[in-house]
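Engineer: After the structure tokens below, expect a handful of questions from me.
Chains as they are written, first to last, in the working numbering: chain V, 1 to 116; chain Y, 117 to 230.
Structure (structure tokens):
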């Protein structure tokens with residue numbers, strides 16, 4: 001079946017512009033994560049959606065970052081007034097989620113964001 | 117809150133030698149532990165996981181890891197490295213109380229020398 005799909009795969013933007021990154025999780029997966037991968041920084045947790053519960057936003061680095069998940073499926077990560085330090089690969093992952101015990105994460109191929 | 121520490125951002129071994137990648141975790145409740153692998157220019161994929169039961173878990177490509185509660189460790193090993201094992205490896209921890217939120221370590225890049 002289809003895996004986690006992210007778009008665009010690459011995004012170059014000017015400092016100060018807003019960007020939107022999209023994630024289509026695997027059908028039936030109730031849990032959805034956003035992570036940021038920077039060189040030497042590993043996978044930095046950003047935000048976690050689980051079903052209809054309020055999202056865990058504890059990893060968002062500033063109020064310029066926000067995310068939503070519509071209809072329990074597609075998610076959009078928005079970065080406002082981008083800065084050069086926002087340059088990174090943004091990864092989305094989904095899993096079966098709570099109620100199914102622990103299940104592994106399935107990752108998309110990421111969006112490489114470059115802020116010039 | 118859970119956390120993960122991976123000792124060594126880079127590990128280099130010779131082909132055929134033992135691979136040992138270290139991971140220590142912090143968790144207030146029994147953890148679920150994972151190793152993920154990212155091959156060059158590919159996405160992350162699950163290598164193995166520990167949930168409950170047997171503390172020695174086996175994964176793909178000959179890797180295994182042992183959960184040691186007393187040491188809060190979950191080190192990844194492989195008896196004999198292959199060139200194709202060159203990749204970045206991430207240890208991760210998840211807690212049920214956190215709604216299974218998964219936190220990753222900083223990663224260890226494995227180099228395999230011919």
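Think of the CB as a built atom: it goes at the ideal place given N, C-alpha and C, for glycine as much as any other residue. Keep in mind it's a predicted model, so treat the numbers as computed, not measured.
Counting contacts by CB-CB distance shorter than 7 angstroms, is residue 109/V in contact with chain Y?
Structural biologist: The residue given as residue 109/V occupies position 109 in the first chain. Yes, its Cβ sits closer than 7 angstroms to a Cβ of chain Y.
Engineer: Going by DSSP, what residue range makes up the beta strand (DSSP E) through residue 180/Y?
Structural biologist: Along the second chain, read from residue 1 onward, the residue named residue 180/Y stands at position 64. 180-184 is the extent of the beta strand (DSSP E) around residue 180/Y.
Engineer: What do you reckon, are the CB atoms on residue 22/V and residue 76/V nearer than 7 angstroms?
Structural biologist: Translated into the one-based positions of the first chain, residue 22/V becomes position 22. Translated into the one-based positions of the first chain, residue 76/V becomes position 76. Going by C-beta atoms, residue 22/V is nearer than 7 angstroms to residue 76/V.
Engineer: Verify the CB distance criterion: does residue 102/V have a CB-CB separation below 7 angstroms to chain Y?
Structural biologist: Counted from its first residue, the first chain places residue 102/V at position 102. Yes, contact with chain Y.
Engineer: Taking only beta-carbon positions, decide if residue 56/V is within less than 7 angstroms of chain Y.
Structural biologist: Start at 1 with the first residue of the first chain, and residue 56/V comes out as number 56. It does: the Cβ of residue 56/V has a partner Cβ on chain Y nearer than 7 angstroms.
Engineer: Between which two residues does the beta strand (DSSP E) carrying residue 118/Y extend?
Structural biologist: Within the second chain, numbered from 1, the residue matching residue 118/Y stands at position 2. Run containing residue 118/Y: none; DSSP gives neither H nor E here.
Engineer: So which residues on chain Y does residue 90/V lean against when the C-beta distance must stay under 9 angstroms?
Structural biologist: Numbered from its first residue, the first chain carries residue 90/V at position 90. Within chain Y, no residue comes near residue 90/V; the closest Cβ sits about 13 angstroms away, beyond 9 angstroms.
Engineer: 7 angstroms is my cut-off, CB to CB: does residue 43/V come that close to chain Y?
Structural biologist: Translated into the one-based positions of the first chain, residue 43/V becomes position 43. It does; some Cβ of chain Y falls within 7 angstroms.
Engineer: Got a sec? Which residues, its chain only, sit under 8 angstroms from residue 104/V by beta carbon, not counting five neighbours each side?
Structural biologist: As a working note, residue 104/V is residue 104 in the first chain. Excluding residues within five positions, the ones whose Cβ falls inside 8 angstroms are 95.
Engineer: Throw me the rounded Cβ distance for the residue 153/Y and residue 222/Y pair, which I believe falls under 8 angstroms.
Structural biologist: In the second chain, the residue the question calls residue 153/Y occupies position 37. In the second chain, the residue the question calls residue 222/Y occupies position 106. Going by Cβ atoms, the distance from residue 153/Y to residue 222/Y rounds to 15 angstroms, so no, they are not a contact pair.
Engineer: Starting from residue 141/Y and walking both ways along the beta strand (DSSP E), at which residues does that stretch end?
Structural biologist: Position 25 of the second chain, counted from the start, is the residue given in the question as residue 141/Y. Element bounds for residue 141/Y: 135-142.
Engineer: Just list the residues that DSSP pairs residue 56/V with in beta bridges.
Structural biologist: For the purposes of this step, residue 56/V is taken as residue 56 along the first chain, with counting starting at 1. Its beta-bridge partners are 48/V.
Engineer: State the DSSP-derived secondary structure class of residue 84/V, mapped to helix, strand or coil.
Structural biologist: Translated into positions along the first chain, residue 84/V becomes position 84. Reduced to three states, the DSSP call for residue 84/V is helix.
Engineer: Hey, is residue 227/Y's beta-carbon within less than 7 angstroms of any beta-carbon in chain V?
Structural biologist: Locating residue 227/Y in the second chain gives position 111, where the first residue counts as 1. Not one chain V Cβ lies under 7 angstroms of residue 227/Y.
Engineer: Rounded to whole angstroms, what's the CA-CA distance from residue 56/V to residue 131/Y? Just pull it up for me.
Structural biologist: As a position in the first chain, residue 56/V is number 56, starting the count at 1. As a position in the second chain, residue 131/Y is number 15, starting the count at 1. Those two C-alpha atoms are separated by around 43 angstroms.
Engineer: Nearest-angstrom Cα distance between residue 227/Y and residue 147/Y?
Structural biologist: In the second chain, residue 227/Y corresponds to position 111, counting from 1. In the second chain, residue 147/Y corresponds to position 31, counting from 1. Roughly 29 angstroms separates the two Cα atoms.
Engineer: Nearest to residue 187/Y by alpha carbon, out of 171/Y, 179/Y and 196/Y?
Structural biologist: Residue numbering aside, residue 187/Y sits at position 71 when the second chain is read from its first letter. Measuring from the Cα of residue 187/Y, the nearest candidate turns out to be 171/Y.
Engineer: Between the segment 87-94 of chain V and the segment 29-41 of chain V, can you find at least three pairs of beta-carbon atoms closer than 8 angstroms?
Structural biologist: Segments in contact, yes.
Engineer: Assuming contact is defined by CB atoms lying nearer than 7 angstroms, are residue 175/Y and residue 107/V in contact in what I supplied?
Structural biologist: The sequence position of residue 175/Y within the second chain is 59, counting from 1. The sequence position of residue 107/V within the first chain is 107, counting from 1. It is not a contact, given that the beta carbons lie outside the stated cut-off.
Engineer: Please classify residue 176/Y: does DSSP put it in a helix, a strand, or coil?
Structural biologist: Position 60 of the second chain, counted from the first residue, corresponds to residue 176/Y. Note: residue 176/Y maps to helix in three-state DSSP.
Engineer: Is it buried or exposed, residue 61/V, if we count other Cβ atoms within 10 angstroms and call 16 or more buried?
Structural biologist: If you number the first chain from 1, residue 61/V lands on position 61. Residue 61/V is exposed by the Cβ-count criterion.
Engineer: If you follow the beta strand (DSSP E) that residue 168/Y is in, where does it begin and where does it stop?
Structural biologist: Within the second chain, numbered from 1, the residue matching residue 168/Y stands at position 52. Unbroken run through residue 168/Y: none, as it is neither H nor E.
Engineer: Specify the secondary structure class of residue 14/V as computed by DSSP and reduced to three states.
Structural biologist: Taking the first chain and counting its residues from 1, one reaches residue 14/V at position 14. Residue state, collapsed to three classes: coil.
Engineer: Please determine, among 116/V, 5/V and 64/V, the residue with the shortest C-alpha to C-alpha distance to residue 33/V.
Structural biologist: As a first step, residue 33/V is located in the first chain; it is residue number 33 there, counting from the start. With distances taken between Cα atoms, residue 33/V lies closest to 5/V.
Engineer: Taking 7 angstroms as the limit between beta carbons, can you name the residues of its chain near residue 182/Y, skipping five residues before and five after?
Structural biologist: Start at 1 with the first residue of the second chain, and residue 182/Y comes out as number 66. Excluding positions up to five away in sequence, the list reads 171, 172 and 191.
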